[in-house]
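Below: the structure, in structure tokens.
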Amino acid sequence: MALEIDLADRVVLVTGGVRGVGAGVSRAFLAAGATVIACARRPADAPIEVNGRAIEFLSCDIRDADAVRALIETVVERHGRLDHLVNNAGGAPFALAATASKNFHAKIVELNLLAPLLVSQAANAVMQRQPDGGSIVNISSVSGHRPSPGTAAYGAAKAGMDSLTASLAVEWAPKVRVNSLVVGPVDTELSQLHYGDQDGVDAVGETIPLGRMAHPDDIGRCAAFLASPLASYVSGASLLVHGGGERPAFLAASTAAAGQQS
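Under my numbering, the first residue of the sequence shown carries the number 4, and numbering increases by one thereafter.
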């Protein structure tokens, strides 16, 4: 019997699901047959469709508790259930920690840690009442597990998200599984803001053991796996999706002959 991800008749909410990584997540769940509701502050610039099926878009600022409550209520009113949540919305502009304002740091932590918790609480309240429960996938980052100069508050928030994932997986079991994806560099429409021109994007890709940055759909397929029955015994886990990580800096500095044996 072939293993496949079949999420037909499942209802999925993807925050920030209309651009970049979020669009890749939305496409993966559409491809798996799910009904996909994507929320963001503004709609997609281009339709997000797979095999003639498109996302539903709902506008929401996930930092606003009343807006989040209304979002979840709307999903349940329309579809009668909410099976999976992917907390993808987040991000941070470059800002040095020494000079960024208190307000700036607070907003970064709010968007990348407190807002996902807010949405998770509202989704969990629905999932706990469902016979089949549900699952939550948090999109985290390698920035939470190594130095993150220029985005220190973001890295701290993502470290917090992985800790939150483990705690919620214990609190909300057995009805709701909670996992995270620890994501490395992803090539999106905004890549050049972070890495420079295409030569810069390609150069960053060459530092990754698999030889390229991730595509949004790479992340989406991993999220769909964690939400699917194939991962029914996976909870409280942080799955590394970083192409092998980063080569240690000392390897580039070393003058030893590679592979030399005595």
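Each residue gets a CB set at the ideal place from its N, CA and C atoms; glycine is no exception.
By the Cβ neighbour-count rule, Ser29 is buried, with 16 or more other Cβ atoms within 10 Å of its own. Per DSSP, the beta-bridge partners of Phe60 are Ala41. Annotated three-state conformation of Ala217 is strand, per DSSP.
Taking Ala162 as the centre and dropping the five residues before and after it, the same chain places the C-beta of Gly147 closer than 6 Å to its C-beta, in chain order. Between the C-alpha atoms of Asp190 and Leu171 there is a straight-line separation of about 30 Å. In the assembly as shown, Asp205 is an exposed residue. Its beta-carbon has fewer than 16 other beta-carbons within 10 Å. Residue ranges of uninterrupted alpha helix (DSSP H) with 4 or more members, entirely inside the region 162 to 230 and ordered along the chain, are 194 to 198, 201 to 209, 219 to 230. A straight-line Cα-Cα distance of about 15 Å links Leu213 and Pro251. The Cβ-Cβ distance between Ile65 and Ala26 does not fall below 8 Å. In the assembly as shown, Val71 is a buried residue. Its beta-carbon has 16 or more other beta-carbons within 10 Å. Residue range 137 to 144 is occupied by the beta strand (DSSP E) that includes Gly137. Going by C-alpha positions, Pro188 is about 15 Å away from Asp202.
Here the C-alpha atom of Val122 lies approximately 32 Å from the C-alpha atom of Arg215. Residue pairing of Asn90 in beta bridges, as defined by DSSP: Asn141.
DSSP places Glu52 within a strand segment (E or B) once states are collapsed to three.
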